[in-house]
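*Asks:* Residue numbers (UniProt numbering): 1 to 407. Even for Gly, the Cβ is constructed at its ideal location relative to N, Cα and C. If you're wondering where the values come from, they're calculated on a predicted model, not measured in any experiment. Here it is, the structure in full.
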Amino acid sequence: MKILHTGDWHIGRLLDQHSLIDDQRHALEGFLAIVHDVNPDVILIAGDLYDRAIPPREALELVDTVLTRLILDDHIPVIVIGGNHDGRSRLDYGSAILARKGLYFRGAYDPDAGPIEITGRGDTTPTAFWPVPFIKPVEYHTVCKTENIPDYNDMYADIVARIRPRMNPAQPNVLISHGLILSAPPSTDTLDDSVRPIEIGGIAYASSHLFSDFDYVALGHLHRPQKVGSNRIRYAGSLLKYSFSEVNQKKSAAVVTLDPKRQTLPDIELIPIPAKRDLRIISGPFDDLTGLAAYTQDNRDDYIKAVLTDKIRVTNPMDGLREVYPNVLEMTYAHSQTVDGTDKQRRIKEHLNDPMTLFADFYAAIRGESLPDEETALAKTLFDAAHADHENQTAETAEEGNHHASH
């Protein structure tokens, strides 16, 4: 059984309000070329087919074109499950009819749904594919009418417990799911910015040890291609880089070949997915990033985040950057103090009567360094003089008021 495992296409995605539909179309053309080279027995799309519950028309049209080519032209079965970005119940519309052509949609979790059985070329027994779309514990409690399921680990334990009695140990069993399944507690190396938190509080992930009965576990949700413990459990990663936290990731599709004798781990081959434009972070002084040499670069069309190292703020830097990099999306200063708006407002309120502190904060934000002692002394002299003038004016105004009142 040869499986092509992909997921997290996020068709219809915007990056800083910029549509990525052309980039996604290019990547999917590359994916179709991979399909033709690999000729898999089945394609698994492990959730987040779309980026929104109600995708824009151009996203629907692109997915329709790709799936039509896979099913009607290439005659390869495709299994699609719902992710947390998808309108899961919407994916199920027409699924019974589509299944007759080999396109299997499992948008919303159904505890009574059986496996999808597909026989690979040269296999004597079919492989059972168990789709488990994204579902939250609170939803699971309602759907399955269970006792309280407090977290994802307990939920997946219950899901596997429901599947296990129905598994045929004489045939390969593959689980497809969309969620956070890890071999150890999550870290910043594991997660990236594109993954939205799916739970606040409690245990927001399930242990990979729950899935020992399966020959392979095809996962979606994390955007970096990675194995979970061993090659038996794997995230395919996303179709494209969807966040600047993903700039160092290499996007790919996973070709998974199951051992027909079921004695060894699956063989994994990662095939790169071509991108029309890369997602990059560039850093340096504004003049260097926008100088004549910058115009000779071949990849100026990439999606860019610029980190300026200038000590003094540049006037309208995005205008200058955009002349060289037409798709620059973000700009920041390397030396800026990263304080959010709430903290800034609180600090201003705390020091309304202390202009020296506010001025020092402003200087540090603009220059990226502390106010030097000499400038501090000069600023203090000026503020003291201004304060004295203000006091004198206030006293004179009060005296004039008293004088008029006495007359």
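Along the beta strand (DSSP E) that carries residue 89, what are the first and last residues, could you check?
*Replies:* No beta strand (DSSP E) holds residue 89; the alpha helix (DSSP H) holding it covers 88-91.
*Asks:* Measure the alpha-carbon distance for residue 201 versus residue 135 and round it to whole angstroms.
*Replies:* With a pLDDT of only 48 at residue 201, under 50, the local geometry of the prediction cannot be trusted, and the value read off the model is given with reservation. Roughly 16 angstroms separates the two Cα atoms.
*Asks:* Helix, strand or coil: how does DSSP classify residue 55 here?
*Replies:* Residue 55 falls in the coil class under three-state DSSP.
*Asks:* With a Cβ-Cβ cutoff of 8 angstroms, do residue 97 and residue 40 count as a contact?
*Replies:* Contact: no.
*Asks:* For the putative contact between residue 62 and residue 21, defined by C-beta atoms under 8 angstroms, what is the C-beta separation to the nearest angstrom?
*Replies:* That belief holds up - the Cβ atoms of residue 62 and residue 21 are roughly 7 angstroms apart, short of 8 angstroms.
*Asks:* Using the three-state DSSP reduction, which class does residue 464 fall into: helix, strand or coil?
*Replies:* Nothing about residue 464 can be reported from this structure: the residues present for the chain run from 1 to 407 only.
*Asks:* Report the three-state DSSP secondary structure of residue 237 (helix, strand or coil).
*Replies:* In this structure, residue 237 counts as coil in the three-state DSSP scheme.
*Asks:* Leaving aside the five residues before and after residue 19 along the sequence, list all residues of the same chain whose C-beta is less than 7 angstroms from its C-beta, in chain order.
*Replies:* Answer for residue 19: no residue qualifies.
*Asks:* Could you pull the start and end residues of the alpha helix (DSSP H) that residue 131 belongs to?
*Replies:* Careful: residue 131 lies outside any alpha helix (DSSP H), inside the beta strand (DSSP E) at 127-132.
*Asks:* Grab the span of the beta strand (DSSP E) containing residue 333 for me, first residue to last.
*Replies:* Segment 328-333, the beta strand (DSSP E) holding residue 333.
*Asks:* Could you pull the start and end residues of the beta strand (DSSP E) that residue 175 belongs to?
*Replies:* That run of the beta strand (DSSP E) goes 173-178.
*Asks:* Kindly say whether residue 241, judged by its beta-carbon, lies nearer than 8 angstroms to any beta-carbon of chain C.
*Replies:* Absence of chain C from the displayed structure is noted, only one protein chain being present.
*Asks:* Taking just the CA atoms, how far does residue 180 sit from residue 408?
*Replies:* Only positions 1 to 407 of the chain appear in the structure, and residue 408 is not among them; the question remains open.
*Asks:* Who does residue 489 pair with in a DSSP beta bridge?
*Replies:* Any answer about residue 489 is impossible in this case: the structure gives the chain only from 1 up to 407.
*Asks:* Please report how far the alpha carbon of residue 219 lies from the alpha carbon of residue 7, in whole angstroms.
*Replies:* Rounded to whole angstroms, residue 219 to residue 7 spans 8 angstroms at the Cα level.
*Asks:* If you compare alpha carbons, which of 263, 254, 284 and 282 is closest to residue 272?
*Replies:* Taking only the C-alpha atoms, the option nearest residue 272 is 254.
*Asks:* In whole angstroms, what is the alpha-carbon distance linking residue 383 and residue 182?
*Replies:* Cα-Cα distance, rounded: 57 angstroms.
*Asks:* Ignore the nearest five residues each way along the sequence and tell me which others in residue 228's own chain have a CB closer than 8 angstroms to its CB.
*Replies:* So the qualifying residues of the chain are 181, 182, 183, 208, 217, 219, 234 and 235.
*Asks:* Assuming residue 11 contacts residue 44 under a Cβ cut-off of 8 angstroms, what Cβ separation, rounded to an integer in Å, is found between them?
*Replies:* Wrong, their Cβ atoms sit about 16 angstroms apart, outside the cutoff.
*Asks:* Quick check on residue 246: buried or exposed, where buried means 16 or more other Cβ atoms within 10 Å of its Cβ?
*Replies:* Its Cβ being crowded by 16 or more others within 10 Å, residue 246 is buried.
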